Structure formats: structure tokens, C-alpha cells
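Visitor: In UniProt numbering, the protein residues as written are 1 to 231.
Please read through the structure below; I'll follow up with questions.
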Ligand code: C5P
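Put into C-alpha cells, the structure is as follows:
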């Protein structure tokens, strides 16, 4: 297969069909803009499963996304998209960078969800940007920003409810969008690498913070999420 792009946790391959790509999920784990690196055995397999289940759910809820089908343990077939250079972050509860940036206590429940944009750039370390930056830097136009915000809000509503049914709190998450035949659709992955998920009763972290904070049992946390949602 023809490698198109290799990121920190995934590879993207071209296929014989020019409208479709294969996404391959690796076991590599990185944090803090690549400063911390390791491998988490089987992470790629678990994240492929979790992402596939979530993208299917989002399809059912009318949220257009790149997922077509899982084709192997580590691979999903997706619609070809041109990725928009934005990380769209939705936060329901204080954790991670917002706590450091604004002195917010971890675990604080926000009275409304917070939407943030970062510019996807390894060189500039994914800086936080606002809608004016997005327009002036030609990352997206006004109509596209509106669609992205609507999608992000809808995904939050769907996923908060979905995870709460299996006793998981959706603390925050990151989305990426792409253009497929000039239409904006949801892309990338949705997994414990890109979401913070806490057990609803104990607040135990079952996501990438286990890796970031050296809490141990990283894959066990991811597998717990998968076990709960695939029932
Ligand atoms: O680090 P921060 O608190 O800003 O992350 C917010 C959310 O976005 C977390 O769920 C984190 O896993 C996710 N994220 C991501 N990829 C990044 C940055 C953040 O998936 N490059």
C-alpha cells in the first residue's frame, strides 16, 4: 500500500479507490507535543475498535464522518478527506491544559461546555487560536466555522449521553474535521487518546492521562472503556 502520511499514532494509506483511504492505528504513544514517547502494546487495536464504534454511532445520529468500515484489527477504511488544520476541543469539566492556563481546579464542572480551537502545527506546538485567526489564516471560512461548531456541539451531546449510560464521564475531547468532495465532515479518531473519560463513581481516569501522568495500567484503562461501550 501507498503511505500518504505518518502521524504520532496513525498512518494513512492511499487505496486503489481514489476516494478512500486506510487509517492504520499504531501502538505508539506520545504526549506533551512529542516530548514523552513510548509504546503501549495493543493500543492501536483498542483505539481502532473504539473509534469505529463511536463513528458508527455518530452516523446513526446524523453526524457525517469519514468512517466506512473496519477492515482489520488495526485498520479502518475511510472517506478521503483533506484535513483542516484545526484541533477542535470541547470541555465539560476542568482537566489538563485549561487548569494550568487559567488556574481552574481539576474536576470543576463547567456551567456550559467550552469550545476551543488550536492551530494544528507541530512547529508552533498547536497554539490556541480564535475565529478571527482561523479566518485571517485562511484555515476555514465563516460558514465552515459555523458547521464545525455545530458538529462539535452535537457530538458532545451524543457522546455525553452515550458514555454516561456506561458510567463514564466525558470530561473533554478533541475533534478534527476534513473536506470530502468540498463538504466538511468529521475525521481522525475518537478514542481514549483524544478524550478524557473518568469512571462516573470513582473518577478513575481511563484515558491517555494514565500515560501522561505515569498512573500505570494504560491499556487496561482503554480496554475498560472498550468493554463498557461494546456491550
Ligand atoms: O491537553 P488538553 O487539556 O488541552 O487536551 C484537551 C483534550 O483534547 C484531551 O481530551 C486531549 O486528550 C485532547 N487532545 C488531543 N490531541 C491534542 C491535544 C489535546 O487529542 N494534540
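In this text, a Cβ means the ideal position worked out from N, Cα and C, and glycines have one as well.
Values in this document were obtained by computation on a predicted structure and should not be read as measured data.
Tell me the DSSP secondary structure of residue 42 in three-state form.
Guide: In the structure shown, residue 42 sits in coil (DSSP, three-state: anything other than H, G, I, E or B).
Visitor: Going straight from the alpha carbon of residue 151 to that of residue 63, what length do you get?
Guide: Going from the Cα of residue 151 to the Cα of residue 63 covers about 7 angstroms.
Visitor: Along the chain, where does the beta strand (DSSP E) containing residue 97 start, and where does it finish?
Guide: Element bounds for residue 97: not the beta strand (DSSP E) but the alpha helix (DSSP H), 97-102.
Visitor: Does residue 66 come out as helix, strand or coil in the three-state DSSP assignment?
Guide: Looking at residue 66 - three-state DSSP - the assignment turns out to be coil, as it is neither helix nor strand.
Visitor: Out of 206, 226 and 227, point me to the one whose CA is closest to residue 217's CA.
Guide: Measuring from the Cα of residue 217, the nearest candidate turns out to be 206.
Visitor: Check whether the Cβ atoms of residue 186 and residue 175 sit closer than 8 angstroms, and answer yes or no.
Guide: Closer than 8 angstroms, so yes.
Visitor: Suppose you measure from the CA of residue 121 to the CA of residue 66; what does that come to, to the nearest Å?
Guide: Taking the straight line joining both Cα atoms gives about 22 angstroms.
Visitor: Going by beta-carbon coordinates alone, are residue 179 and residue 104 separated by less than 8 angstroms?
Guide: No, the pair does not count as a contact, with Cβ atoms beyond the cut-off.
Visitor: Between the Cα of residue 170 and the Cα atoms of 27, 92 and 79, which residue gives the shortest distance?
Guide: Closest option to residue 170, Cα to Cα, is 92.
Visitor: Beta carbon of residue 158, beta carbon of residue 229: below 8 angstroms?
Guide: In this structure, residue 229 does not lie closer than 8 angstroms to residue 158 by Cβ.
Visitor: Just to confirm, does residue 193 get its C-beta within under 7 angstroms of one of the non-hydrogen atoms of ligand 1?
Guide: Yes.
Visitor: Is any heavy atom of ligand 1 found at a distance shorter than 7 angstroms from the C-beta of residue 173?
Guide: Result yes, Cβ under 7 angstroms from ligand 1.
Visitor: Quick check: is any heavy atom of ligand 1 less than 7 angstroms from the C-beta of residue 96?
Guide: True, at least one ligand heavy atom lies under 7 angstroms from that Cβ.
Visitor: Using a Cβ-Cβ cutoff of less than 6 angstroms, which residues in the same chain neighbour residue 210 once the five nearest sequence positions on both sides are dropped?
Guide: Hits under 6 angstroms: 218 and 221.
Visitor: Could you tell me which whole alpha helix (DSSP H) segments of length 4 or greater appear in the stretch 181-211?
Guide: The qualifying runs do not exist here; there are none.
Visitor: Should residue 292 and residue 69 be called a contact, given that it needs their Cβ atoms to be closer than 8 angstroms?
Guide: Because the chain is modelled from 1 through 231, residue 292 falls outside the range shown and cannot be assessed.
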